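Novice:
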């Protein structure tokens, strides 16, 4: 009893066995009521791990809405929309149906797409090649191209900021003593404003005598 794979419409893969293989009865394994439109759409011949595979895909491309099969099959049917469940079988070189496990199909699937791991390695190699260019870089990894501030410039800005902070710290602090000194200076200025100029006594007496004489004559 060979094992075959059922690709459900939601994308899940389930393994099942057939007592006697009959291509005309495969639609029943797919859960279909009739065989209308159910047929083989492609076969992938694959040599993998010193083993030969001939994977055939059975399904149908007509059906009701919401019954589309969401599984992404490899080329040449990667753009073909299937409905309902699909069937995958494996045949040997003699054309007999032989076992096909889900693990084997996963390896074949990656092989048909060129290998997913190799694609990731190529991307990492490109990133490394970009990093290994001969451009001069700062200690933070920035390229010194005239638009990116270098380490020296960054250091200079830090020094300026530190100097600015030190200047602010060195501003004089006015203590009570300096305020009292200002108060004394202010009081001295007030005294100078109200200072009276002394009058000469001789002149004062002379004016008085003249006034007295005039009043007497009258």
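Residue numbers (UniProt numbering): 1 to 218.
Heads up, the beta-carbon is just placed ideally off N, CA and C, and yes, glycines get one too.
This one's a predicted model, so the numbers in the text were calculated from it and none came from an experiment.
On the DSSP bridge assignment, give the partners of residue 9 in chain order.
Specialist: None; residue 9 has no bridge partner.
Novice: From residue 59 to residue 98, what distance separates their C-alpha atoms?
Specialist: Whole-angstrom Cα-Cα distance: 19 angstroms.
Novice: State the CB to CB distance for the pair residue 2 and residue 17, rounded to an integer number of angstroms; the pair is presumed to be in contact (CB under 8 angstroms).
Specialist: Between residue 17 and residue 2 the Cβ distance is about 7 angstroms, and since that is below 8 angstroms, they are a contact.
Novice: Run through DSSP, which three-state label would residue 18 get?
Specialist: Three-state result, residue 18: coil.
Novice: I need the straight-line Cα distance from residue 41 to residue 29, nearest angstrom please.
Specialist: Rounded to the nearest angstrom, the two C-alpha atoms are 17 angstroms apart.
Novice: With which residues is residue 279 paired in a DSSP beta bridge?
Specialist: With the chain covering only 1 through 218, there is no way to say anything about residue 279.
Novice: Enumerate in chain order the residues of its own chain whose CB-to-CB distance from residue 52 is below 8 angstroms, with the five nearest sequence positions on each side excluded.
Specialist: The answer, listed in chain order, is 45, 46, 92, 93.
Novice: Out of 10, 4, 6, 5, which one is the CA nearest neighbour of residue 66?
Specialist: If we check each option's Cα against that of residue 66, 10 comes out closest.
Novice: Should residue 27 be labelled buried (16 or more other beta-carbon atoms within 10 Å of its own) or exposed?
Specialist: Result: buried.
Novice: Is DSSP giving residue 59 helix, strand or coil here?
Specialist: Three-state DSSP puts residue 59 in a strand.
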